[in-house]
Amino acid sequence: MTALLDLAAVDGGTIPDGARRAAQVSLFDWITCGMAGRGEPVTRILRNQAAAEAGTPDASVFGGGRYPARMAAMVNGTASHAIDFDDTHFAHVGHLSVGIYPAALAIAEARGASAADVVDAFLLGAEAAIRTGVVLGRAHYDRGFHQTSTAGAFGATVAAARLAGLDREALRMALGLCASRASGLKSQFGTMGKPLNAGLSASNGVEAVMLAGRGITACVDGLMGQQGFVATHSDDPQVAVAPVGEWLFPAISYKLHACCHGTHAMIEALLAANVGPEGVQEIRLRVSPRWLSVCNIPQPANGLEVKFSYRWLAALTLLGRDTMRAETYDDTIARDPACAAIAARVTVTADPEVTDMQTKGEIDMEDGSKVALWHDLAERVEPELLVTRLKAKAEALLGEGAARLAPLLGDATKLTAADLGAIVGEAE
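Residue numbering for the sequence shown follows numbering that gives the first Met the number 0, beginning at 0 and increasing consecutively.
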């Protein structure tokens with residue numbers, strides 16, 4: 000708990016340029032994902048709900064409109080996770096941008112902050128969420144909790160509190176309130192409930208900060224205290240946490256395929272193998288055991304479930320389908336006979352020696368030859384190449400609209416939260 004309080008008070012002048020740049024790149028990627036998800040059914044439903052509730056027009060939402068900060072955070076968190084294309088931090092065991100940036104922007108717009116303030120608040124909130132995720136540990140995730148929404152809500156609270164100007168004791172109360180609100184289950188995967196988890200994470204953070212700012216009190220240590228969040232939500236909490244000043248966020252991994260991040264090492268390995276569907280007899284994949292309960296749906300029923308199916312995604316890759324484009328994952332793909340034929344040749348096995356970010360495997364060809372498969376997402380990508388690939392992703396998702404996002408990669412001190420809101424609030 001102390002680490003989270005300390006993070007909110009970090010002097011911006013001590014933040015390393017590399018960490019701040021990583022957070023700014025994530026801003027670009029987050030807005031890309033949100034704009035791409037603004038037309039998704041779940042986003043439209045939430046926008047309609049926001050309009051029905053109305054209220055103070057504090058902040059902009061993807062697809063157009065201005066609504067109260069709490070509801071704007073919910074819409075934007077959901078929209079940016081709707082196509083499952085946002086960044087992942089594997090130590091946190093979840094997605095950071097979709098829960099924390101919406102909370103930060105909602106408060107920042109209402110208070111007239113700068114874009115640089117938004118980036119710094121996000122970064123510190125992300126550091127808080129990562130540490131919370133680490134403390135909760137794998138046991139929390141394996142029990143069925145969605146760390147994006149649980150640990151992420153504490154990060155959203157820290158980011159929103161920094162922008163709202165809460166003092167240390169008010170933030171303590173906000174984190175205590177967040178402990179009662181933070182929630183999210185993996186059973187929602189493959190449904191609209193999964194992106195809504197991200198939206199709830201963001202809105203819970205905003206709500207906790209707003210209520211604490213008005214004087215609502217809570218337990219003094221809602222995270223680590225007796226019967227607090229960690230004690231009630233993890234069978235194996237981890238006590239060793241990186242000290243404030245050790246920057247964990249730059250290990251963020253960006254999605255370059257519009258599906259579960261647990262499948263990306265496999266897709267990259269298959270792309271590197273450069274093998275088409277002809278002559279493939281069997282594909283044997285070895286993956287981290289933890290992914291078998293996340294992205295190993297054997298027979299997906301719809302496009303959402305395809306995003307969580309090793310077999311179907313292997314088939315898409317071998318067939319040359321563009322896994323970067325959201326439209327690839329319409330419901331018809333789950334009934335595609337060519338995909339079904341290849342998926343039937345894929346075997347997925349848990350290997351405890353394979354990390355969360357790796358895939359190993361082999362392709363047996365009908366002529367008796369074998370093709371080795373290997374990829375590790377932890378291997379460093381040069382910053383220039385990463386930005387180039389993320390720009391290509393934005394162009395694939397947004398077409399000509401991607402050009403509108405170019406200033407986000409420039410000097411953040413020249414932009415305001417209102418400028419960010421103007422981009423976010425563009426109509427479909």
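Every residue, glycine too, gets a C-beta built ideally from N, C-alpha and C.
- request: Check each candidate in 1, 270, 390 and 7 and name the one with the smallest Cα separation from residue 164.
  value: 7
- prompt: Enumerated in chain order, which unbroken segments of the alpha helix (DSSP H) with a length of 4 residues or greater are wholly contained in the stretch 122-205?
  reply: 149-163 and 167-180
query: If we ignore side chains and look at the alpha-carbon of each, how far apart do residue 169 and residue 214 end up?
result: 8 Å
- request: Identify which residue in 266, 123 and 102 has its Cα closest to the Cα of residue 3.
  value: 123
field: residue 225 - DSSP class collapsed to helix/strand/coil
entry: If DSSP states are grouped into helix, strand and coil, residue 225 belongs with coil.
field: Completely contained beta strand (DSSP E) runs for the stretch 38-64, where each covers 3 or more residues
entry: none
message: Within 10 Å of its beta-carbon, does residue 377 have 16 or more other beta-carbons around it, so buried, or fewer, so exposed?
response: exposed
- request: Examine the Cβ distances between the stretch 71-84 and the stretch 32-43 and report whether three or more of them are shorter than 8 Å.
  value: At 8 Å Cβ cutoff, the stretches touch.
message: For a test of the three-state rule: what should DSSP assign to residue 416, helix, strand or coil?
response: Correct three-state label for residue 416: helix.
task: Return the CA-CA distance between residue 38 and residue 359, expressed in angstroms with no decimal places.
output: A direct Cα-Cα distance of roughly 36 Å separates residue 38 from residue 359.
query: Taking the alpha-carbon positions, what's the residue 126 to residue 177 distance?
result: 17 Å
message: Going by the DSSP bridge assignment, what does residue 359 pair with across the sheet?
response: 285 and 373
field: residue 387, buried or exposed, once every other Cβ within 10 Å from all chains shown has been counted against 16
entry: Classification of residue 387: exposed, given that the 10 Å Cβ count is below 16.
- request: Alpha carbon to alpha carbon, how far is residue 0 from residue 351? Give it in angstroms, no decimals.
  value: 32 Å
- request: Compare the C-alpha of residue 189 against each of 321, 341, 296 and 366 and name the closest.
  value: 296
Residue nearest to residue 181 in terms of C-alpha spacing, selected from 290, 117 and 229: Residue 229 is the option with its Cα nearest to residue 181.
query: Exposed or buried, which one is residue 271 when buried takes at least 16 other CB atoms within 10 Å?
result: So residue 271 ends up on the exposed side.
Which listed residue (91, 292 and 84) has its alpha carbon closest to that of residue 237: 91
- request: Name the residue from 330, 267 and 36 whose alpha carbon lies nearest to the alpha carbon of residue 319.
  value: Among 330, 267 and 36, the Cα nearest to that of residue 319 belongs to 267.
- prompt: Between 146, 43 and 103, which lies nearest to residue 88 when the distance is taken from Cα to Cα?
  reply: 146
field: CB-CB length for residue 121 against residue 423, believed under 8 Å
entry: With 8 Å as the limit, residue 121 and residue 423 do not qualify as a contact, their Cβ atoms being about 14 Å apart.
query: Can you list, in chain order, the residues of its chain whose CB lies under 8 Å from that of residue 418, leaving out five sequence neighbours each side?
result: 114 and 406
- prompt: Per DSSP, residue 348 is paired with what?
  reply: 285
message: Need the endpoints of the alpha helix (DSSP H) that residue 97 sits in, please.
response: 96-110
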